[in-house]
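Data first, discussion second: the structure below is written as structure tokens.
Numbering (our numbering), first residue to last: 2 to 624.
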């Protein structure tokens, strides 16, 4: 037998990719046109041959479906990688935005007012862009593309956009009118001066929710069409607009410059207050850019806007029916942050410290939790539409394990290196050493719940893919009530620690962060329990095995990072920028290397899968 030449050989991976491509074609095309039935009365040999060929075709189609399902499960990891890279860029720019705020406005009066004013629009942004609307729309749009015509699917997209524009315009008008009452509810502990500024900022930023809702629908359409890069990077434009546009309007409104007091209790002058209003205008510019960057991609995948509006349309009603409970179901984390802001409003700099810390938390939540959830939802929605529960279960379990792999070591790193990270990123200008201590202890407490925060982003949409919005809603409402009670007690208890003349309320704000984290973990466990009941099992042994292995490897990371940081701190003994860089990045790199070595030693399966998917993005494809 002649052996193929070296040039003709292909790897097993190439064979698998080719098989998957053919499998997808087979599924899309159905039974080939050449599968004509043999007429009755033909001779037995052709009939037997046709029977054999028929069985062979059925076996081939079955194998093709299995291969395609495996491909879709593996594509979740690859798609999550794409989204992770895009979200990483966005979240890093988000950190740059916070660095700008820290340097120009500090962690006191101005930032407290801005954070409270942006809390409601930002809550709605997270719900729409990363939660309820996206999950409800993707589920319905996927069903339309799978079971109905392409034209009906595009008509649904137009009707949903138009309906949201009408509803959210009304909500925006109502929000602007009742901004004083909203601020008084969210920040009951604000002084009259701070409340007035927060009210003005709230009115300026309320139209943001309309812009971000349109962006969320666009993202849902593109994700369903397996377009992940542009939607995920759209929030990058939001941060660019917020930074560049915000600073431009800040300098314009303030007359060329301002001074922010370093004392968080001090009242800023009028120029500084005008400057923070300029940053609010920048937020609107960023929201508009977030939608507009997706418009060309929408047109490329076939979307054409149509002036259709119907609140009685079956598809629109289905989106709204799923979205209503989903708003509550996915709101737990952000509403709990809102509850924390309410209790922190009586602590000078408390709201700002929680905001700076949670911004850092949003980096791994976005890069890992949101990215994996975004990549998983279209795939599991497709499996749910086909009633393919085994592949639904396997894909969801793999996604949860991937969340563990990426967030558990991240949480350990933030706990060990929270202070040097905060100091490196924020400590300059109006952001003092006291500000660093306040934000660092909050970051450590938030990090405790990082895995819970991220896993919720994967599990909640999985319920919506199964047409169950009720379970996440009930769990979310329960967690919000529990968090309110826990915040009340933990704030008072933590207020007895760390009391100094600069921090008369001690670490009360850290107790609020810890409460939110613990509730997020409980929320995740409850979602996992009820999902297991819903789909009969959730590959629990596999998930538990991965969790234990990853946790052990993360403990090794924690020890390595801690001792490296302490050694460098004793060696350098300085607060120069170069020392901060070394004391932060060397422990991170060394701890990361130790984690990878430990994970390999413990044979963490998800690590190999993630590495293969990552390398696959950069492997040149065979022409």
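We treat Cβ as the ideally placed atom computed from N, Cα and C, and that holds for glycine.
All of these numbers come straight from a predicted model, not from anything done at the bench.
CB contact flag (residue i, residue j, <7 Å)
i           : j           : result
residue 381 : residue 369 : no
residue 410 : residue 585 : no
residue 453 : residue 521 : yes
residue 470 : residue 269 : no
residue 488 : residue 516 : yes
residue 366 : residue 404 : no
residue 206 : residue 137 : no
residue 213 : residue 320 : no
residue 569 : residue 596 : no
residue 142 : residue 215 : no
residue 605 : residue 544 : no
residue 562 : residue 445 : no
residue 525 : residue 457 : yes
residue 163 : residue 379 : no
residue 527 : residue 476 : yes
residue 261 : residue 107 : yes
residue 345 : residue 443 : no
residue 158 : residue 146 : no
residue 134 : residue 217 : yes
Outcome for residue i when other beta-carbon atoms lying within 10 angstroms are tallied against a minimum of 16
i           : result
residue 278 : buried
residue 391 : exposed
residue 144 : buried
residue 40  : Model confidence at residue 40 stands at a pLDDT of 36, short of 50, so the residue's coordinates are unreliable and nothing is read from them.
residue 238 : buried
residue 42  : A caution first: residue 42 carries a pLDDT of 38, below 50, which makes its placement in the model too unreliable to give a value.
residue 572 : exposed
residue 148 : exposed
residue 247 : buried
residue 490 : exposed
residue 182 : exposed
residue 608 : buried
residue 294 : buried
residue 95  : buried
residue 434 : exposed
residue 52  : Summary for residue 52: the model assigns pLDDT 46, below 50, so the residue's position carries little reliability; its value from the coordinates is reported in the next sentence. So residue 52 counts as exposed.
residue 189 : exposed
residue 200 : buried
residue 578 : exposed
residue 24  : Confidence at residue 24 is low in this model, with a pLDDT of 35, below 50, so the placement of that residue should be treated as unreliable; the coordinate-derived value is given next. When all chains shown are included, residue 24 counts as buried.
residue 594 : exposed
residue 467 : buried
residue 505 : exposed
residue 50  : For residue 50, the pLDDT reaches just 45, beneath the cut-off of 50, and the residue's location in the model is therefore unreliable, although a value from the coordinates is still provided. Flag for residue 50 reads exposed.
residue 668 : Lying before the first or after the last residue shown, residue 668 is absent from the chain, which here runs from 2 to 624.
residue 306 : exposed
residue 501 : exposed
residue 377 : buried
Proximity winner among the options, relative to residue i (alpha-carbon distances)
i           : options            : result
residue 209 : 113, 138, 173, 478 : 173
residue 303 : 415, 219, 255, 591 : 219
residue 549 : 402, 108, 227      : 402
residue 398 : 532, 101, 221      : 532
residue 242 : 295, 423, 280, 360 : 280
residue 211 : 501, 222, 240, 168 : 168
residue 509 : 255, 361, 577, 440 : 440
residue 497 : 383, 602, 547, 512 : 512
residue 474 : 107, 333, 430, 432 : 333
residue 554 : 414, 258, 436, 483 : 414
residue 546 : 589, 97, 600, 154  : 600
residue 323 : 472, 170, 562, 101 : 472
residue 198 : 114, 582, 217, 446 : 114
residue 90  : 424, 230, 423      : 230
residue 124 : 395, 339, 140      : 339
residue 298 : 226, 527, 350, 535 : 226
residue 356 : 92, 99, 159        : 99
residue 194 : 139, 111, 250, 350 : 111
residue 428 : 448, 385, 354, 592 : 354
residue 256 : 348, 165, 272, 120 : 272
residue 407 : 455, 351, 360      : 455
### Task
Jot down the residue ranges of each uninterrupted alpha helix (DSSP H) in the region 181-258, minimum 4 residues, whole runs only, in chain order.
DSSP runs (the alpha helix (DSSP H)) wholly in the region 181-258: 193-206, 209-225, 230-241, 247-255.
### Task
Write down every uninterrupted run of the alpha helix (DSSP H) in the region 450-521 whose length is 4 residues or greater and which is fully enclosed by it, in chain order.
Along the region 450-521, the alpha helix (DSSP H) occurs as fully enclosed runs of 4 or more residues at 451-466, 471-495, listed in sequence order.
### Query
Going along the chain, which unbroken runs of the alpha helix (DSSP H) with 4 or more residues stay wholly within the region 521-578?
541-573, all fully within the region 521-578.
#### Entry: Minimum length 4: unbroken alpha helix (DSSP H) runs contained in the region 289-359
With a minimum length of 4 residues, the continuous alpha helix (DSSP H) runs that stay inside the region 289-359 are 296-301, 315-330, 333-345.
### Task
Would you list, in sequence order, the uninterrupted alpha helix (DSSP H) runs of no fewer than 4 residues that lie entirely inside the region 89-173?
Whole alpha helix (DSSP H) segments, 4+ residues: 110-131, 133-148.
### Task
Note down, one range per segment and in chain order, each alpha helix (DSSP H) of at least 4 residues found wholly within the region 361-388.
Counting whole runs of 4 or more residues, the region 361-388 contains the alpha helix (DSSP H) stretches 372-386.
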